[in-house]
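For reference, the structure is listed below as structure tokens.
Numbering (my numbering), first residue to last: 2 to 177.
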């Protein structure tokens, strides 16, 4: 099984992003911001426990979605700005590597937080990307979209042919 850690936006943002996506196809995963990309785990429970332990000491933080951009011609995404997210990433990734296969950790391409809007390999076309970008920019730039993160979600993929599903939601510290 593969696992990853992400953040799901609140319902109003989630629904608006999903409405934009579904006009053009199936993104094959709910709107989210990936913190730890998918990995096949050596041991599941210790890995999950690390996420829980770090979340227990992480205070809620804000995320802003200022606009859109592309990864080449293959992915359209909403940009993400958040110091708190970067801090969570910097704590989480080194701790998780202890329970991940070594070959996964050989190259770190850096952290570029984003909320995927459409992916070419999911069937979105260049024309879809242009139309989606226009709709998303109108929403993001006119709405000053931001939200407070209070939990992270661990996703898992039971088999290679299925979709990622929710494994567990983990609350961030309540400030105590």
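C-beta atoms are modelled at their ideal positions from N, C-alpha and C, and glycine is treated no differently.
Residues of the same chain with a CB within less than 6 Å of the CB of residue 120, apart from the 5 flanking positions on each side, are 76 in chain order. By DSSP's assignment, residue 4 forms a beta bridge with 40, 157. For residue 79, the pairing in a beta bridge is given by DSSP as 69, 116.
DSSP assignment within the region 8 to 63 yields the following whole beta strand (DSSP E) runs of 3 residues or more, N-terminal first: 34 to 41. When the beta-carbon positions are compared, residue 154 and residue 29 stay at least 8 Å from each other. Residue range 166 to 172 is occupied by the beta strand (DSSP E) that includes residue 171.
A direct Cα-to-Cα measurement between residue 59 and residue 132 gives close to 37 Å.
For residue 130, the uninterrupted alpha helix (DSSP H) segment begins and ends at 127 to 144. Bridge partners of residue 149 according to DSSP: 63.
The Cβ atoms of residue 38 and residue 5 lie closer than 8 Å to each other.
Per DSSP, the unbroken alpha helix (DSSP H) holding residue 88 starts and ends at 84 to 97. Under the 10 Å beta carbon count, residue 167 is surrounded by fewer than 16 other beta carbons and is classified as exposed. Looking at the backbone, the Cα of residue 111 and that of residue 142 are separated by about 26 Å.
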